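Working notes, structure below.
Numbering (full-length UniProt numbering), first residue to last: 1 to 290.
Here's what the structure looks like:
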């Protein structure tokens, strides 16, 4: 392999790398695992007989998707030993709003969590179509399937996501609700918290055994309000919220000096806050330190 050949391979790969990462992240819900997978794709591309490849971008997207399907299957097995609930790893979308996608679809936490209930192949079909607008025929080639089968997979996935999720409030309204929630939680305002919640609100904490991280999902307005006020006297001490954009929506980095206690975001509809999502796994939130 000549140096010129390798330089050209690197140029082609670098050009499509944002899309490859975008596909891998949406499939795996983990930025770290997506980075590892994209690096694997690069190594395969380096050693491949590239003269046989007519469309490098399509080849690299196909390799990424197929590896992601395999990795997702093994990742779900690994998560069986995860301590407490699992949430996707947050990514800063203020720097890269779409993670290589033509649209911001299949990026929000609530959607990524719903995609966890799909088969890996259904998830791949949905991601390629909804986030990257691949033609059905090309998705069929990538998944080694037929176009009618792919159309059916995408349709099922769309119905699943739409059926399980309420219409969301605007980003501005979500940020306001988040700030109001933090104020009420910090003061231990039980009544104020209940007013913010939808009836079946759920509080989910991803800590993988981290100190003060709840290991069960708490559901119901009254139960969640009591749960929040139970730790209001000590959890918020020395905490200052820093508002950021994570996965395309407003979130708060709960800063304590030079460290981070948690990253908090909410899902909200016309009924109020439907979900509180607390990310406390140190490995997942380390990138958001100042």
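All C-beta atoms, glycine included, are put in the ideal place defined by N, C-alpha and C. Just so you know, these numbers come straight off a predicted model, no measurement behind them.
State the CB to CB distance for the pair residue 75 and residue 113, rounded to an integer number of angstroms; the pair is presumed to be in contact (CB under 8 angstroms). The count along the chain shown starts at 1 and reaches residue 75 at position 75. The count along the chain shown starts at 1 and reaches residue 113 at position 113. In fact, because the Cβ distance is near 14 angstroms, the residues do not count as touching under 8 angstroms.
Could you give the distance in angstroms between the alpha-carbon of residue 48 and the alpha-carbon of residue 16? Taking the first residue of the chain shown as 1, we reach residue 48 at position 48. Taking the first residue of the chain shown as 1, we reach residue 16 at position 16. If you take the alpha carbons of residue 48 and residue 16, they lie about 17 angstroms apart.
When you compare each of 57, 244, 273 to residue 94 by their alpha carbons, which one comes out closest? Mapped onto the chain shown, residue 94 falls at position 94. Nearest Cα to residue 94 within the set 57, 244, 273: 244.
Apart from the five residues on each side of it in sequence, which residues of its chain come closer than 7 angstroms, Cβ to Cβ, to residue 11? Numbered from 1 along the chain shown, position 11 holds the residue referred to as residue 11. Cβ within range, chain order: n/a, list empty.
Going by the DSSP bridge assignment, what does residue 218 pair with across the sheet? Position 218 of the chain shown holds residue 218. According to DSSP, residue 218 bridges with 203.
Residues in its own chain within less than 7 angstroms of residue 210 by CB, not counting five upstream and five downstream? Looking up residue 210 in the chain shown gives position 210. Only 280, 281, 282 meet the Cβ criterion.
What's the C-alpha gap between residue 267 and residue 274? Position 267 of the chain shown, counted from the start, is the residue given in the question as residue 267. Position 274 of the chain shown, counted from the start, is the residue given in the question as residue 274. If I take the Cα positions, the gap works out to 6 angstroms.
How is residue 117 classed by DSSP in three states: helix, strand or coil? Against the chain shown, residue 117 aligns to sequence position 117. In the structure shown, residue 117 sits in coil (DSSP, three-state: anything other than H, G, I, E or B).
Let's test the definition: count the other Cβ atoms within 10 Å of the Cβ of residue 132 and tell me whether it reaches 16, buried, or not, exposed. Stepping through the chain shown from its first residue, residue 132 is reached at position 132. Looking at its Cβ environment, which holds 16 or more other Cβ atoms inside 10 Å, residue 132 is buried.
Can you grab the Cα-Cα spacing for the pair residue 212 / residue 140, in whole Å? Taking the chain shown and counting its residues from 1, one reaches residue 212 at position 212. Taking the chain shown and counting its residues from 1, one reaches residue 140 at position 140. Distance between the alpha carbons of residue 212 and residue 140 is about 46 angstroms.
Closest residue to residue 168 among 65, 51, 270 (Cα-Cα distance): Position 168 of the chain shown holds residue 168. Sorting 65, 51, 270 by C-alpha distance to the C-alpha of residue 168 places 270 at the top.
Residue 71: buried (16+ other C-beta within 10 angstroms of its C-beta) or exposed? Taking the chain shown and counting its residues from 1, the one referred to as residue 71 is at position 71. Answer is buried; the Cβ neighbour count reaches 16.
Under a three-way DSSP split, which group does residue 285 fall into? As a working note, residue 285 is residue 285 in the chain shown. Three-state DSSP puts residue 285 in a helix.
The alpha helix (DSSP H) with residue 232 in it runs from where to where? In the chain shown, counting from the first residue as 1, residue 232 sits at position 232. It spans 232-235 - the alpha helix (DSSP H) in which residue 232 sits, taken as one unbroken run.
Report buried or exposed for residue 284, applying the criterion of at least 16 other Cβ atoms within 10 angstroms of its Cβ. On the chain shown, position 284 is the one that residue 284 refers to. Buried: at least 16 other Cβ atoms inside 10 Å.
Check whether the Cβ atoms of residue 224 and residue 85 lie closer than 8 angstroms to each other. For the purposes of this step, residue 224 is taken as residue 224 along the chain shown, with counting starting at 1. For the purposes of this step, residue 85 is taken as residue 85 along the chain shown, with counting starting at 1. It is not a contact, given that the beta carbons lie outside the stated cut-off.
Determine, using beta carbons only, whether residue 37 comes closer than 8 angstroms to chain B. Among the protein chains of the structure shown there is no chain B, as only one such chain exists.
For residue 168, which three-state DSSP category applies? As a working note, residue 168 is residue 168 in the chain shown. Looking at residue 168 - three-state DSSP - the assignment turns out to be coil, as it is neither helix nor strand.
Buried or exposed (CB count within 10 angstroms, at least 16 for buried), residue 159: For the purposes of this step, residue 159 is taken as residue 159 along the chain shown, with counting starting at 1. Exposed, because fewer than 16 other Cβ atoms sit within 10 Å of the Cβ of residue 159.
Okay, do the stretch 226-241 and the stretch 99-113 touch, 3+ Cβ pairs below 8 angstroms being the bar? No: the two stretches stay apart, fewer than three of their Cβ pairs being nearer than 8 angstroms.
From 247, 32, 126, 78, pick the residue whose C-alpha is nearest to that of residue 162; which is it? Within the chain shown, the letter at position 162 stands for residue 162. Looking at 247, 32, 126, 78, the one whose alpha-carbon comes closest to that of residue 162 is 126.
Tell me the DSSP secondary structure of residue 255 in three-state form. Taking the first residue of the chain shown as 1, we reach residue 255 at position 255. For residue 255, the three-state secondary structure derived from DSSP is strand.
Host beta strand (DSSP E) of residue 273 (start-end): Reading the chain shown from its first residue, position 273 is the one you call residue 273. Unbroken beta strand (DSSP E) run through residue 273: 272-279.
Helix, strand or coil, according to DSSP, for residue 182 in the structure here? For the purposes of this step, residue 182 is taken as the residue at position 182 of the chain shown. In this structure, residue 182 counts as helix in the three-state DSSP scheme.
Measuring alpha carbon to alpha carbon, tell me which residue in 25, 277, 120, 82 is nearest residue 204. On the chain shown, position 204 is the one that residue 204 refers to. Looking at the Cα atoms, 277 is the closest of the given residues.
What is the rounded straight-line gap between the Cα of residue 175 and the Cα of residue 96? As a working note, residue 175 is residue 175 in the chain shown. As a working note, residue 96 is residue 96 in the chain shown. The alpha-carbon separation between residue 175 and residue 96 amounts to approximately 20 angstroms.
Flag this pair as yes or no: are the beta carbons of residue 89 and residue 32 separated by less than 8 angstroms? The residue you call residue 89 lines up with position 89 of the chain shown. The residue you call residue 32 lines up with position 32 of the chain shown. Between residue 89 and residue 32, the C-beta spacing is below 8 angstroms.
Which partner residues does residue 157 have in the DSSP bridge list? The residue given as residue 157 occupies position 157 in the chain shown. Answer is none; residue 157 lacks a bridge partner.
Please go through the same chain and pick out, in chain order, the residues whose beta-carbon is closer than 7 angstroms to the beta-carbon of residue 9, but skip the five residues on each side of it. For the purposes of this step, residue 9 is taken as residue 9 along the chain shown, with counting starting at 1. So the list reads 45, 46, 50, once near-sequence residues are dropped.
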